[in-house]
Structures are given as C-alpha cells and as structure tokens.
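Numbering that gives the first Met the number 0 numbers the first residue of the sequence shown as 0 and each following residue consecutively. Reading through the structure tokens given below for one structure.
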Amino acid sequence: MNLGTILRFQFGEAKAIREIAESRSAAGVGVVLVFTAAIARNYDQKFLLESPWIIGPLVVSLISAFFIYAFIRGCCLWVIYPKGEPVGFWSQFRRFLPLFWMTAPLAWLYAIPVERFLDPLASAKANLALLAVVALWRVVLLARVLSVLHGVAWPLMLLWVIAPACVEVMAISMFGGPMLERKIMAGMAGIQLPPEELFMIRAAKFAANGAFIVGAVAFLGALGLQQWPQLRRGLEARPLPAPAIGGGPWKALAAVVVVWIAVAIFPQREVWRHFQLERLIEAKDYREGRKTKFWSVRYSGAFRC
C-alpha cells in the first residue's frame, strides 16, 4: 500500500480496495488520515489546545462506523451470507473500520478557506455545498467498497448504506445542540438571528426532512431488491478478508502530516488571538482587550468603557 493506492481507493478502484483491505497497516494509516481530516475541518476555526477537535472526529467515526456496519449486517448481510458459515460480527467490524477511516481524505475539501473570500452567508452556503459533496461521495464510496469485498451487487449495497446514513442525519438534527437552542431562545425573545445562522437552521431542517424520506425509500427499496432473483442469482456475500500484508506508506504519510501542520500554523495563531480576546471579553477586561489585534475588527463600537 502506498499513497497512490489510497488515492485510487477514493475513486473506488477494486484493486486498491482489496489491497487496503488486506493490509495490516490499514488501521494505523486510517487513524493518521482521520487526524489530517480533523486539521482540514478545524485548522482555521478552533484553537487546538482549547477544544478536542483532534480526538473528536476519531470518536465520532467509531460511533458512525459501528452504527452503519451493524445496520447493514443486521438488515442485509445475514440474509445473503452462505448458510452455515460462521462470520463473527466483531472480527468483521474490525476489518471494516480501517476501510471506513480510509475515506477520511475526502474531508480535505473542508480545508478550502471560503470564509476568507466570501461573506458570512455565502461562506455558509459554500460550506454546506462542500459538506454535501463529501457526504455523497463517502456514501457512494462505502457502497463500492462493501460491494467489492462482500460480493454483493452495488445498487443493493448503496441502498443499505444510504439508509443508516439518513438515520444519522436525522439523529443529528433531533439533537441539534446549541444552534437549535439558540433558535428557540431567539424566537421567545423576539431576536432576529443573522442571515447565515437562519440559513444553517433551515438547511438542517431540510436535511432532516429529506433524510427521512430518502432513508425510508432506500430501506424499502433495499428490501425489495434483496428479493429480486436476477440480482441475487449467483451472489453469496463473502466475509471481509483478513489482513495479511504488512508495511505501509509511513514516510510519505509523515510528509503529508507535516504539510497539514504547516498549513495550520498561521491560521492557528490567528485563532489563538481570537480565543485570547474572547477570554478577555468574558472577563470584562475591555482595556486589555482593546490592545489585541482583532478588537477593531470584531468589537469596535460594541463596548464603551
């Protein structure tokens, strides 16, 4: 496995998929790629030492991968696996997880600094467009990976990946966190939210409604396709292959990490200054806050003291 293999994997090449699935170093490489994806998502938004944005994506990916594979295994693969062949869930999940992590480079698209050359509303729209591209690409790629390795028809596997992905979208919308709470409080207080926040809230609501419809159609469609004789003829799902090949592109991967760290250095310095200013504002230390670089940009006229 090398960086070229990882690149071809992103485009669903069957040979690259099999090579990575059989590599003992796939899990370690996947963790490093998730680390780089975390940098791409947050390098110009959050201060590294203040919020766990490096560890967060890894934890979220574990939960997401478990839910998706458990859903597919429970609804699809148990029906198609050859009868009498014992296939342990946990052993298969351990083989699936590195493949899930290998889709992390798709999140590098989030590194495009749209906030620097677009207004807040336009940048919110651009970020949502990038999110849609990455999410759709990842769903299609995961379906391709599982189709190649399990030997199940791609249309069927695509529907089985879409269904749990839609459930995840609905769950995120149901537990919307601070944004949803802010909308409720603003409505009760008669406060007008900024256009970009209103856009994000409406987009989240649209995504939740769309996910419910698409997820239901995908689930019912998969149940129907699973019974289609032409689709199932000659197909018996194979277990995911056990890793047997050692070695990984560690030197090249280290170079990639160094590049991403270099990309993050100057934006992180800027984020740190913003973070320091926010702490001064919270402490009501406006005199000291006015001495910082970003006071005039973010808070000029906001305070008089």
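Note that CB positions come from ideal geometry on N, CA and C, so glycine has one too. The structure displayed is predicted, hence computed values, not measured ones.
Quick one: residues in its chain with C-beta nearer than 6 Å to the C-beta of residue i, no 5 flanking neighbours on either side, listed in chain order?
i	result
L148	A20 and L239
L145	M156
R94	L239
V270	F46
Whose CA, out of the options, lies closest to the CA of residue i?
i	options	result
A37	M169, P193 and A110	A110
E195	M169, P56 and K124	K124
Q226	W249, V151, G11 and W89	V151
F70	W249, G245 and A221	A221
R237	C75, A39 and Q9	C75
F265	R23, L47 and K14	L47
G308	F205, K45 and F218	Look at the range of the chain in this structure, 0 to 304, and you will see that residue 308 is not part of it.
W89	M101, A64, E12 and Q275	A64
L6	Q275, A162 and V255	V255
A215	V58, P248, A162 and L130	A162
L127	D43, T35 and A202	A202
V58	N41, Q44, K45 and F34	F34
F10	K204, A142 and G87	A142
G27	M0, K45, A39 and R268	M0
R268	W136, I200, K45 and A206	K45
F174	I200, L155, W153 and P154	I200
A25	A263, F198, P248 and R40	P248
W136	A106, D43, I54 and F274	A106
T4	I54, G246 and S122	G246
L130	Q91, L155, R93 and A39	A39
F99	P56, K204, P193 and G87	P56
V139	L2, F198 and E12	E12
S122	I54, G87, F198 and N208	F198
Return yes when the Cβ of residue j is within less than 8 Å of the Cβ of residue i, no when it is not.
i	j	result
L108	V132	yes
V160	I67	yes
P112	G29	no
P316	L32	The question about residue 316 has no answer here: the residues shown for the chain are numbered 0 through 304.
L252	L158	no
I260	R23	no
V262	Y42	yes
Would you identify the three-state DSSP class for residue i, choosing helix, strand or coil?
i	result
S24	coil
I161	helix
I111	coil
G83	The predicted position of G83 is uncertain, since its pLDDT is 48 and thus under 50; no value can be drawn from it.
I5	helix
I190	Only weak support is given to the placement of I190: the predicted model assigns it a pLDDT of 48, under 50, and the question is left unresolved by the model.
Excluding the five sequence neighbours on either side, which residues of its own chain have a C-beta within less than 8 Å of the C-beta of residue i, listed in chain order?
i	result
L61	L96
R17	V147, L148 and P240
A206	V168 and S172
A134	A164
Can you give me the Cβ contacts of residue i inside the same chain, cut-off strictly under 7 Å, excluding the 5 residues immediately before and after it?
i	result
A210	C165, V168 and M169
F8	A15, I16, I19 and M101
I190	For I190, the predicted structure reports a pLDDT of 48, less than 50, and the residue's modelled location is therefore unreliable. A value from the coordinates is still provided. So no residue of the chain qualifies.
W153	A142, R143 and S146
V296	Its pLDDT being 44, under 50, V296 is placed unreliably by the model, and the measurement read from it follows with that caveat. So no residue of the chain qualifies.
From the beta carbon of residue i, is the nearest beta carbon of chain B less than 8 Å away?
i	result
A251	Protein chains in the displayed structure number just one, and chain B is not present.
| field | 4 or more residues per run - each alpha helix (DSSP H) lying fully within the region 28-74 | value | 54-71
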